[in-house]
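**Q** Pasting a structure below so you can have a look.
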Amino acid sequence: MTTYAKTFAGWQNNPEAFWAEAATAIDWVKKPSVVMDNSNAPMTTWFPDGVCNTCYNAVDRHVEAGRGDQVAIIHDSPVTDSVTKITFADLQDRVSRLAGVLTSRGVVKGDRVVIYMPMAPEALVAMLACARIGAIHSVVFGGFAAHELAVRIDDATPKAILAASCGIEGQKIIAYKPLLDDAIARATHKPDFTVVLQRPQTQADMVSGYDLDWADEVASATPVGCTPVGGADPLYILYTSGTTGQPKGVVRHNGGHMVALNWTMKNIYNVSQGDVFWAASDVGWVVGHSYICYGPLLAGCTTVVFEGKPIGTPDAGTYWRVIQDHNVKSLFTAPTALRAIKREDPKAEYVKKYDLSGFNALFLAGERADPDTIKWAQQHLQKPVIDHWWQTETGWAIAANPLGIEQLPVKLGSPAVPMPGYDIEILDEGGHPVPAGELGAIAIKLPLPPGALPTLWNAEERFKSAYLNAFPGYYETGDAGIKDADGYLYIMARTDDVINVAGHRLSTGAMEEVLSNHPDVAECAVIGIGDALKGQAPLGLVCLNNGTDRSEEEIAKECVALVRKEIGPVAAFKRCIVIDALPKTRSGKVLRATMASIADSKPWKLPATIDDPATLDAIAARIAGIGETLS
């Protein structure tokens with residue numbers, strides 16, 4: 001048995017040999033002779049002269065190995081009361097036929113295809129069909145506003161759009177086709193055609209000759225094989241929000257993406273061929289790309305596509321039911337989902353109703369996993385609860401506890417240690433490393449590993465200015481944190497969320513950690529608001545557990561006292577407000593920066609990714625203008 005220390009040292013001593021070895025687990029049309037090309041530093045490409053196909057590795061090779069009857073995709077949809085299982089052989093047929101639809105309409109290698117789909121198995125079929133023919137897909141979260149979809153259409157200039165008639169969010173049916181039609185009307189670029197999956201809940205109005213019916217087209221299509229592509233050819237573009245309002249198109253290359261994701265499935269998540277892996281996310285987010293679609297299928301696992309919510313579809317036991325019914329070995333979800341379950345079912349009564357004996361580990365990512373939530377899950381699940389940290393840009397974990405190599409001690413509040421490929425430093429504002437235990441900007445020494453973004457779509461200079469220029473020789477993560485004497489990372493906040501109180505740089509994440517320890521607090525956020533005397537001051541926002549019947553004023557006072565006791569008067573934590581719900585994106589990130597702008601009477605706009613606009617309206621009514629800005 002190797003250890004984490006040996007594995008990490010092996011990578012440090014010879015990064016190219018490490019990734020060359022990992023690349024042997026991928027089937028190449030032409031094996032790469034060049035592992036890493038750094039001739040255009042600070043830009044790096046991996047496996048540039050390799051020839052491959054991602055769809056072949058995710059689908060066809062498993063069929064050819066005699067495992068066509070293994071289930072590849074389980075679609076569990078409590079909102080439609082249905083479960084569908086698709087074998088690798090069936091998936092190969094569906095994907096090759098949809099690829100045939102695209103090629104018959106002139107889509108070729110290098111063309112872009114936008115995918116605007118709900119959590120249906122056809123979303124994965126769409127992604128894989130594009131990968132099969134070398135087309136570059138760009139998935140846009142289903143139900144995204146027409147303006148935001150139009151912006152992405154104009155940036156990616158797709159030849160085609162694959163869509164569905166509707167999506168289902170909890171109890172609501174959201175018609176996609178009117179949004180899609182509006183977006184195409186607004187966009188300067190016009191796709192040649194659309195293919196629309198008609199779902200039973202809503203039938204879309206179709207324009208004859210332009211909007212093609214998915215089922216009809218696939219039924220009559222000629223299946224096509226896999227198109228060889230270069231290791232450094234783009235597989236997909238995934239847009240992430242930019243501070244300028246113009247989204248950034250994160251690019252992922254075929255070769256390095258396959259090598260890295262395949263490596264993570266066994267080494268980080270400890271799952272192998274035939275195991276059932278469930279990432280409870282959405283295909284519109286990076287987690288959906290990496291760990292609903294590509295990672296599990298590359299490794300020959302069965303992947304769960306879940307169309308529902310952690311609560312309300314129908315109750316707070318849904319996750320445990322899915323784990324039991326499908327024998328899920330590892331679940332990956334966001335801390336916000338777990339907090340929602342904990343708030344609804346604080347004593348974990350639902351956990352006791354299901355057989356979780358086949359369940360091995362719970363992985364959390366997407367936002368800081370507060371210690372209180374981790375402790376709750378540890379206590380009630382009696383399984384490893386693993387926080388890990390990564391970004392849309394990196395595509396896989398920067399820091400994690402690698403269960404498939406060695407289960408390291410869990411330190412509450414830490415996503416553990418850097419993974420091979422990531423040489424992490426904590427830097428001060430001048431770009432100098434700070435001592436262990438000191439707060440600073442988290443940066444990664446270049447080059448970034450395989451699977452991480454090599455650039456932004458048609459925006460190389462923006463890539464450099466956004467990520468590489470602040471600290472020459474490093475990738476700037478935009479996160480602030482500390483590294484302890486054992487090398488464990490603590491992600492305390494986005495660098496924008498480190499507040500300066502009378503000259504003291506303080507982490508809002510540390511204050512949130514304290515607030516979450518209050519027995520009545522289900523979840524919380526701390527934002528920095530303007531303070532005429534100190535420059536900035538923290539404001540606490542807390543949501544209470546269901547069934548709490550104590551005075552909100554009393555709880556707020558206790559929260560203030562708790563922070564002042566644990567962090568000290570230096571935090572100047574004097575204000576705490578009890579609210580019903582925190583405004584979040586659909587991926588579970590709390591909209592801290594937007595709330596801070598509202599409090600400080602600064603201009604702000606409704607984020608396109610917001611899950612429920614009503615939550616922001618309710619907060620705005622409570623906190624608008626309470627910050628005292630310096631004049």
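If you're matching positions, the sequence shown starts at 1 in the UniProt record's numbering and goes up one per residue. Where a beta carbon is used, it is the ideal one built from N, C-alpha and C, also for glycine.
Please name the residue, chosen from P472, A510 and K464, that lies closest to G481 on a Cα-to-Cα basis.
**A** Comparing Cα-Cα distances from G481 to each of P472, A510 and K464, the minimum goes to A510.
**Q** If you scan the stretch 410-455 from start to end, which runs of the beta strand (DSSP E) of 3 or more residues do you find wholly inside it?
**A** The qualifying runs are 424-427 and 440-445.
**Q** L381 bridges to which residues according to DSSP?
**A** DSSP, once it has assigned bridges, lists no residue as partnering L381.
**Q** Please name the residue or residues paired with E523 in a DSSP beta bridge.
**A** Paired residues: C543.
**Q** Please report the distance separating the alpha-carbon of P538 from that of Q382.
**A** If you take the alpha carbons of P538 and Q382, they lie about 35 Å apart.
**Q** Can you pull the DSSP bridge partners for N469?
**A** N469 is not bridged to any residue.
**Q** Give me whichever residues DSSP pairs with F363 in a beta bridge.
**A** In DSSP, F363 forms a bridge with F332 and I386.
**Q** Take every Cβ of the stretch 128-144, pair it with every Cβ of the stretch 155-168, and state whether three or more of those distances are shorter than 8 Å.
**A** With a cut-off of 8 Å, the stretch 155-168 and the stretch 128-144 count as touching, because enough Cβ pairs lie within range.
**Q** Consult DSSP for S96 and reduce its assignment to one of helix, strand or coil.
**A** In the structure shown, S96 sits in a helix (DSSP, three-state: H, G or I).
**Q** Going by CA-CA distance only, name the one from Q201, V514, I426 and G170 that's closest to R564.
**A** Checking every option, the nearest Cα to that of R564 belongs to V514.
**Q** Beta strand (DSSP E) containing T302: first to last residue?
**A** That run of the beta strand (DSSP E) goes T302 to F306.
**Q** Compare the Cα-Cα distances from C524 to each of I386, D549 and M595 and report the closest residue.
**A** The candidate whose alpha carbon is nearest that of C524 is M595.
**Q** Assuming contact is defined by CB atoms lying nearer than 7 Å, are residue 638 and P569 in contact in what I supplied?
**A** Coverage of the chain is limited to positions 1 through 631, which leaves residue 638 absent and any answer about it impossible.
**Q** Just tell me which of E406, E64 and F144 has its CA closest to the CA of W285.
**A** Comparing Cα-Cα distances from W285 to each of E406, E64 and F144, the minimum goes to F144.
**Q** Under 7 Å Cβ to Cβ from Q378, same chain only, skipping five residues before and after it: list those, please.
**A** The answer, listed in chain order, is V385.
**Q** Cβ of I168 within 7 Å of Cβ of T202?
**A** No, these two residues do not count as a Cβ contact at 7 Å.
**Q** Report the CB separation of C293 from L124 in whole angstroms; it is logged as a contact under 8 Å.
**A** With 8 Å as the limit, C293 and L124 qualify as a contact, their Cβ atoms being about 5 Å apart.
**Q** Leaving aside the five residues before and after D111 along the sequence, list all residues of the same chain whose C-beta is less than 6 Å from its C-beta, in chain order.
**A** The answer, listed in chain order, is A135 and K159.
**Q** Can you tell which of S414, G249, G627 and L180 has its C-alpha closest to the C-alpha of D531?
**A** Here the closest residue by C-alpha is G627.
**Q** Please confirm whether Q198 and S220 have their CB atoms less than 7 Å apart.
**A** Contact flag unset, no.
**Q** What number of angstroms, rounded off, separates the C-alpha of I442 from the C-alpha of V526?
**A** Distance between the alpha carbons of I442 and V526: 20 Å.
**Q** Would you list the residues sitting across from A123 in a DSSP beta bridge?
**A** Its beta-bridge partners do not exist; DSSP assigns none.
**Q** Have a look at V35, P15, N14 and P42 and flag the residue whose alpha-carbon is nearest the alpha-carbon of F471.
**A** Nearest option by C-alpha distance: P42.
**Q** Return helix, strand or coil for V51, following the three-state DSSP convention.
**A** Three-state result, V51: strand.
**Q** Along the chain, where does the alpha helix (DSSP H) containing K6 start, and where does it finish?
**A** It spans Y4 to N13 - the alpha helix (DSSP H) in which K6 sits, taken as one unbroken run.
**Q** Using a threshold of 7 Å, state whether the C-beta atoms of P78 and G308 are closer than that.
**A** Contact flag set, yes.
**Q** Nearest to S281 by alpha carbon, out of V305, A183, P346 and L533?
**A** S281 has its Cα closest to that of V305, out of V305, A183, P346 and L533.
**Q** On a CA-only basis, which of G413, A361, L362 and E406 is nearest P371? Give me that one, please.
**A** The shortest Cα separation from P371 among G413, A361, L362 and E406 belongs to G413.
**Q** Compute the beta-carbon to beta-carbon distance between V417 and Y319, rounded to the nearest angstrom, for a pair I have assumed lies under 8 Å.
**A** In fact, because the Cβ distance is near 27 Å, the residues do not count as touching under 8 Å.
**Q** Of the choices R575, K589 and Q273, whose alpha-carbon is the least far from that of A581?
**A** Among R575, K589 and Q273, the Cα nearest to that of A581 is on K589.
**Q** Reducing DSSP to helix, strand and coil, say where D90 ends up.
**A** Helix, per DSSP.
**Q** Provide the residue span of the alpha helix (DSSP H) that contains D181, from first to last.
**A** Start and end: K177 to R186.
**Q** Going by Cα to Cα distance, which pick from A608, T609 and P603 is closest to A620?
**A** Minimum Cα distance to A620 is reached at P603.
**Q** Assuming A72 and L297 form a contact by the criterion Cβ under 8 Å, report the distance between their Cβ atoms to the nearest whole angstrom.
**A** Indeed, because the Cβ distance is near 6 Å, the residues count as touching under 8 Å.
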